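One structure below.
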Amino acid sequence: ILQMNDIRDRLGGKLSTGMKQKVSIARTIVHDPPVIIFDEPTSGLDVLVARNVLQAVAALRDQGKCIIFSTHIMREVEKLCDRIAVIYRGKILAEGSLTDLAAQHEQPDVEELFFELIQNHEEQLATG
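Quick note: the sequence shown uses our numbering, first residue 2, plus one each step.
So, in structure tokens, the structure goes:
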């Protein structure tokens with residue numbers, strides 16, 4: 002899944018950030034867990050490595066794994082997630098499928114939906 006044959010003989014300290022991230026993901030999935038948690042798995046990665054990581058996550062999802070995926074990159078959310086929860090300052094502002102949330106909030110763009118939910122939350126806090 003992660004295409005790591007070219008680094009199998011390298012020491013961990015000599016790996017790039019992207020390769021270290023791949024090793025971390027490999028360590029997470031080697032025991033074939035039913036639930037996998039990824040926290041910002043593409044953070045700090047170049048575009049090519051990030052794409053490989055996302056493809057690996059998608060493959061795991063397609064194998065039926067339950068994946069909890071935390072990210073600030075809405076495009077990743079759109080590509081990978083069946084259900085989402087928008088969390089802001091420890092509070093869940095909305096949750097559901099992308100289709101349901103888009104219809105419920107009349108906003109098909111996930112990033113705009115995210116900003117609108119936060120803005121509405123902040124306005125509610127300001128007005129009491």
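Even for Gly, the Cβ is constructed at its ideal location relative to N, Cα and C.
These numbers were taken from a predicted model, which means no experiment stands behind them.
(request) Verify whether the separation of the beta carbon atoms of Ile-37 and Lys-66 is less than 7 Å. (result) Position 36 of the sequence shown, counted from the first residue, corresponds to residue 37. Position 65 of the sequence shown, counted from the first residue, corresponds to residue 66. Going by C-beta atoms, Ile-37 is nearer than 7 Å to Lys-66.
(request) Please report the residue range of the beta strand (DSSP E) in which Arg-84 lies. (result) Within the sequence shown, residue 84 is the residue found at index 83, counting from 1. Start and end: 84 to 89.
(request) At 4 residues or longer, and completely inside the segment 22 to 97: list those alpha helix (DSSP H) runs for me, N to C. (result) 48 to 63, 75 to 81
(request) Can you give me the Cβ contacts of Thr-43 inside the same chain, cut-off strictly under 6 Å, excluding the 5 residues immediately before and after it? (result) In the sequence shown, residue 43 corresponds to position 42, counting from 1. Contacts found: Ala-51, Val-54.
(request) Measuring alpha carbon to alpha carbon, tell me which of Ile-30, Glu-107, Gln-125, Phe-115 ends up nearest Ala-60. (result) Translated into the one-based positions of the sequence shown, residue 60 becomes position 59. Comparing Cα positions, the closest option is Ile-30.
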